[in-house]
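> Structure in structure tokens, see below.
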Amino acid sequence: MLNLLDGLYSLSDRAANFDVLDWIDPLIGSNGGGNVFAGATLPYGLAKVSADGSRVTGFSAMHDSGTGGNPSLGNFPIFPQLYPGNDLNGCKFPIGVRAMNYKKDSIKATPGYLGIILENGNDASTNPPILLDLTHLWASRQNGRMQGSGIFLPSFGAGSYVLHYCLDIAGATIADSGVWVNDRAGTEPKELYITRNAEKEIPGPGFDFDFDRLVHFAREAWKKKVAPISIDFWSAIYRTTISPQDYTDENPDWNSDEPYFDSFYCLWDMWRVQPPFLTITDPLTQSRIVQSLLDIYKHRGWLPDCIDWNLPYDAENELLEWGIEGRSGLTSWKRFKYIPYLDFNPRGFGTSSCSISRTLECAYNDFSLATLAKGLGKDTYTKYLSRAGNWQKLFKSDQKSIIIGSDSSFTDFFQPKYLNAAGNICSLFPMIFVRLISLLGGPDTFLRQLDFFHTSELADIGNEPVFLTVYMPHYAGPPGLSAKRVYDCIPSHFNSSQNSLPGNDGSGAMVSFLPFACTGLFPNPGWNVYFIIPPFFEAEYRRIHIHNTTLNGARYERNWIGHEFLTEGWMLELWLGEEGSD
836 MLNLLDGLYS
846 LSDRAANFDV
856 LDWIDPLIGS
866 NGGGNVFAGA
876 TLPYGLAKVS
886 ADGSRVTGFS
896 AMHDSGTGGN
906 PSLGNFPIFP
916 QLYPGNDLNG
926 CKFPIGVRAM
936 NYKKDSIKAT
946 PGYLGIILEN
956 GNDASTNPPI
966 LLDLTHLWAS
976 RQNGRMQGSG
986 IFLPSFGAGS
996 YVLHYCLDIA
1006 GATIADSGVW
1016 VNDRAGTEPK
1026 ELYITRNAEK
1036 EIPGPGFDFD
1046 FDRLVHFARE
1056 AWKKKVAPIS
1066 IDFWSAIYRT
1076 TISPQDYTDE
1086 NPDWNSDEPY
1096 FDSFYCLWDM
1106 WRVQPPFLTI
1116 TDPLTQSRIV
1126 QSLLDIYKHR
1136 GWLPDCIDWN
1146 LPYDAENELL
1156 EWGIEGRSGL
1166 TSWKRFKYIP
1176 YLDFNPRGFG
1186 TSSCSISRTL
1196 ECAYNDFSLA
1206 TLAKGLGKDT
1216 YTKYLSRAGN
1226 WQKLFKSDQK
1236 SIIIGSDSSF
1246 TDFFQPKYLN
1256 AAGNICSLFP
1266 MIFVRLISLL
1276 GGPDTFLRQL
1286 DFFHTSELAD
1296 IGNEPVFLTV
1306 YMPHYAGPPG
1316 LSAKRVYDCI
1326 PSHFNSSQNS
1336 LPGNDGSGAM
1346 VSFLPFACTG
1356 LFPNPGWNVY
1366 FIIPPFFEAE
1376 YRRIHIHNTT
1386 LNGARYERNW
1396 IGHEFLTEGW
1406 MLELWLGEEG
1416 SD
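Be aware that the sequence shown starts at 836, since it is given in this note's numbering, and climbs by one per residue.
Written out as structure tokens, the structure reads:
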């Protein structure tokens, strides 16, 4: 008994001294293809402060995470300068000239904090001159406050956006201020329009700028956010709660009492994994995200892929994910029951060449809407369920799969368009799988095709639609086949290195694969289904086959479970072995 009490005391003492933030590394995925945001922010924070560029050209407060392609945002960067001869004209103002390497071993990143030292020696503890890079500038030598605004084009997509800034400088004397004109510093003030929203929460010059207090505030916010998790993949949890960004009360287009979230750049990727995960771990925020999307539909008439694009599909699935745990408006979908090649939508959505994938996506969306309609008792259930079957109109029973000129020996695919379409496109409609497996030749053929897809290097785990193909064996075989695929992905593609993520993080979509895989549950978006596999323990762990399962002490024979398992607090117990079992 004494030994037991001593052991319990040791565990209690360890828990009291345990700081979960010590186990979170914001730099995971910052190299390679992850393109993650590695700077300082709060959960779903509007402000995301980071250094800009591999050679630092500034520090700015507006960023996205994991979008890939051309960098987005990074507006109004500030840059610390050496001050040769106390003369502003000696500072290096142009971007190409001022770009500065940072000392690789100087990086310190924790939730809510980022510190680096530039090769010129500037760090957060010094008081260098500050360059604010803008088109318009207003400055005051009296109060150290600079304000302004600008209209910007996005890094990709259509439209433009307006940003306002309000910068207070504290902790040092304002020696001089001005506007850089050509190759010299000018002193003429510029008059601008500035909205109250840009400065209403920024403290005035008399405020005591306590940096350590701000860091402590950020750390406490992150501790609260990851508190529900008690297993060691906190860095992944951290990454799932960076985006989308909560811009409530900052909606630029209409006045609303509803929450407003922005930075849905990757909603077409996010809905597959991130919203289902937030529904479990952060349901309040997920409900606010759904409210925000519905408010967009109310004012714009359709649900978006992302806030500033005109491709209105995929948001339907996120609403369903929230509902069980808009509409695209495509004229051709309603008229022909498929999307023709180079289809032009007269309602402003443009021309699309992705006829097959869009047809399958619309079928998927309609299935999701049918499921939601049924749950709400709506009579539209039958209409949407009928439309959901339109994917079969594209099925071609004698279509071969040709890979770089070689016949894969498999037939029964959708119209040929892309090299990996055979496997990837099949993941676009995970609903009536009994029918799909039958069309593909039965369970054995279905499993062989999946195996070929993953072993022939066609499957790119760095692309979110492939996630579900990892678990598709559940529909035709034992869970051990899916578990083996998961153990092939972790830790080879998902680990704790800075190069760990296999593709763009997609605002937290890519990394969301990891916590689901590690917990042994994975969602089938659009259904009240979580696939069951053994939880991931270590890469060397070999007991990945389920021999027996009980739910609340009673024998359980399904390889999936519903969301009520989580909401009702049921207990699922697995008996595992190294070899498969009937």
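Ideal placement from N, C-alpha and C gives every residue a C-beta, glycine not left out. Please read these numbers as outputs of a predicted model, since none were measured by experiment.
What would DSSP say about R1270, mapped onto helix, strand or coil?
As a working mapping, residue 1270 is identified with position 435 in the sequence shown. Residue state, collapsed to three classes: helix.
> Please state if the CB of G868 and the CB of G1484 are separated by a distance shorter than 9 Å.
What is shown of the chain runs 836 to 1417, which leaves residue 1484 out entirely.
> Would you kindly work out how many angstroms separate the C-alpha atoms of D1092 and A1374, rounded to a whole number?
Translated into the one-based positions of the sequence shown, residue 1092 becomes position 257. Translated into the one-based positions of the sequence shown, residue 1374 becomes position 539. For D1092 and A1374, the distance between alpha carbons rounds to 48 Å.
> Pop quiz: A873 and V884 are said to be a contact at Cβ under 8 Å. What is the actual Cβ separation, rounded to whole angstroms?
Looking up residue 873 in the sequence shown gives position 38. Looking up residue 884 in the sequence shown gives position 49. Contact flag wrong, Cβ pair sits at about 11 Å.
> Exposed or buried, L1195, counting other C-beta atoms within 10 Å across all chains shown (16 or more means buried)?
Here residue 1195 corresponds to residue number 360 of the sequence shown, with the count starting at 1. The residue is buried, with at least 16 neighbouring Cβ atoms inside 10 Å.
> Report, in whole angstroms, the separation of the C-beta atoms of S1335 and G864, which I expect to be a contact under 8 Å.
If you number the sequence shown from 1, residue 1335 lands on position 500. If you number the sequence shown from 1, residue 864 lands on position 29. S1335 to G864, Cβ: 6 Å. Contact.
> I need the DSSP call for H1309, collapsed to helix, strand or coil.
Within the sequence shown, the letter at position 474 stands for residue 1309. In the structure shown, H1309 sits in a helix (DSSP, three-state: H, G or I).
> Roughly how many whole angstroms lie between the Cα atoms of S1418 and W1069?
Since the first residue shown for the chain is 836 and the last is 1417, residue 1418 is missing from the structure and cannot be characterised.
> Tell me, please, whether the CB atom of M1406 is closer than 9 Å to any CB atom in chain B?
No chain B is present in this structure, which holds just one protein chain.
> Determine contact between the region 886-896 and the region 920-938, defined as no fewer than three beta-carbon pairs at a distance below 8 Å.
yes
> May I have a chain-ordered list of the alpha helix (DSSP H) segments no shorter than 4 residues that lie completely inside the region 1069-1139?
For the region 1069-1139, whole alpha helix (DSSP H) runs of length 4 or above, ordered along the chain, are 1069-1075, 1102-1105, 1109-1116, 1118-1135.
> Candidates G983, N870, S907, A882: which alpha carbon is nearest A896's?
On the sequence shown, position 61 is the one that residue 896 refers to. Comparing Cα positions, the closest option is A882.
> Within this structure, are the beta carbons of L1285 and P1314 separated by less than 9 Å?
Reading the sequence shown from its first residue, position 450 is the one you call residue 1285. Reading the sequence shown from its first residue, position 479 is the one you call residue 1314. Contact: no.
> Give me the Cα-Cα distance between E1408 and T1384, rounded to the nearest whole angstrom.
Within the sequence shown, numbered from 1, the residue matching residue 1408 stands at position 573. Within the sequence shown, numbered from 1, the residue matching residue 1384 stands at position 549. In this model, E1408 and T1384 are separated by some 6 Å (Cα to Cα).
> Using the Cα positions of V855 and W1106, report the straight-line distance between them to the nearest angstrom.
Position 20 of the sequence shown, counting from 1, holds the residue named residue 855. Position 271 of the sequence shown, counting from 1, holds the residue named residue 1106. Whole-angstrom Cα-Cα distance: 27 Å.
> Count the CB pairs spanning the region 1355-1372 and the region 1312-1326 that are closer than 8 Å, and state whether there are at least three.
Under the 8 Å Cβ criterion, the region 1355-1372 counts as touching the region 1312-1326, having at least three qualifying pairs.
> I need the DSSP call for G1164, collapsed to helix, strand or coil.
Sequence index remark: in the sequence shown, residue 1164 carries index 329 (1-based). Annotation note: pLDDT 38 at G1164 (below 50); position unreliable, no value reported.
> Report yes if the CB atom of S1416 is closer than 9 Å to the CB atom of I1381, and no otherwise.
In the sequence shown, the residue the question calls residue 1416 occupies position 581. In the sequence shown, the residue the question calls residue 1381 occupies position 546. Going by C-beta atoms, S1416 is nearer than 9 Å to I1381.
> Check whether the region 1276-1293 touches the region 1344-1358, counting contact only when three or more Cβ pairs, one atom from each stretch, lie closer than 8 Å.
no
> Using only the alpha-carbon positions, how far apart do P1118 and S1236 sit?
The sequence position of residue 1118 within the sequence shown is 283, counting from 1. The sequence position of residue 1236 within the sequence shown is 401, counting from 1. Their backbone Cα atoms lie some 42 Å apart in a straight line.
> By the 10 Å Cβ neighbour count, where 16 or more other Cβ atoms means buried, how is S984 classified, buried or exposed?
The sequence position of residue 984 within the sequence shown is 149, counting from 1. Classification for S984: buried.
> Determine the extent of the alpha helix (DSSP H) in which Y1199 is found, giving its start and end residues.
Along the sequence shown, read from residue 1 onward, the residue named residue 1199 stands at position 364. 1190-1211 is the span of the alpha helix (DSSP H), which, as asked, contains Y1199.
> Taking the beta strand (DSSP E) that F1288 belongs to, which residues open and close that run?
As a position in the sequence shown, residue 1288 is number 453, starting the count at 1. No beta strand (DSSP E) holds F1288; the alpha helix (DSSP H) holding it covers 1278-1290.
> Between L1271 and N1359, which are expected to be in contact by the criterion C-beta below 8 Å, what is the C-beta distance as a whole number of angstroms?
Within the sequence shown, the letter at position 436 stands for residue 1271. Within the sequence shown, the letter at position 524 stands for residue 1359. No, L1271 and N1359 are not in contact; Cβ-Cβ is about 13 Å, not under 8 Å.
> Could you please give me the residues that DSSP links to N1383 through a beta bridge?
The residue labelled residue 1383 in the question sits at position 548 within the sequence shown. W1410.
> Just how far apart, CA to CA, sit F1046 and Y948?
By 1-based counting over the sequence shown, the position of residue 1046 is 211. By 1-based counting over the sequence shown, the position of residue 948 is 113. Taking the straight line joining both Cα atoms gives about 10 Å.
> Which of the three DSSP states, helix, strand or coil, is assigned to F1302?
In the sequence shown, the residue the question calls residue 1302 occupies position 467. Residue state, collapsed to three classes: helix.
> Measuring only the C-alpha atoms, how far is L1282 from Y1073?
One-based indexing of the sequence shown puts residue 1282 at position 447. One-based indexing of the sequence shown puts residue 1073 at position 238. Using only the alpha carbons, I get a separation of about 35 Å.
> Could you check whether T1076 and L1113 sit closer than 9 Å to each other, using their CB atoms as the reference points?
Along the sequence shown, one-based indexing puts residue 1113 at 278. Along the sequence shown, one-based indexing puts residue 1076 at 241. Yes; because the gap between Cβ atoms is below 9 Å, this pair is in contact.
> Taking all protein chains shown into account, decide if N936 is buried (16 or more other Cβ within 10 angstroms of its Cβ) or exposed.
To locate residue 936, count along the sequence shown from 1; it is residue 101. Answer is exposed; the Cβ neighbour count stays below 16.
> To the nearest whole angstrom, what separates the beta carbons of L988 and S995, a pair I think is in contact under 8 Å?
Translated into positions along the sequence shown, residue 988 becomes position 153. Translated into positions along the sequence shown, residue 995 becomes position 160. About 5 Å separates the two Cβ atoms, so the contact holds.
> So, for V861: in the same chain, excluding its five sequence neighbours on each side, which residues have a beta-carbon less than 6 Å away from its beta-carbon?
The residue labelled residue 861 in the question sits at position 26 within the sequence shown. The sequence shown places Pro at residue 861, rather than the Val named in the question. Here the set comprises A873, A944.
> What does L998 pair with, by DSSP beta-bridge criteria?
By one-based count along the sequence shown, residue 998 stands at place 163. When beta bridges are read from the DSSP output, L998 appears opposite G985.
> For D1149, which of helix, strand or coil comes out of DSSP?
Against the sequence shown, residue 1149 aligns to sequence position 314. Unreliable placement is indicated for D1149, whose pLDDT of 46 sits below 50; the coordinate value is still reported in the next sentence. Looking at D1149 - three-state DSSP - the assignment turns out to be coil, as it is neither helix nor strand.
> So, helix, strand or coil for F1372, using DSSP?
The count along the sequence shown starts at 1 and reaches residue 1372 at position 537. DSSP places F1372 in the coil class of the three-state scheme, outside both helix and strand.
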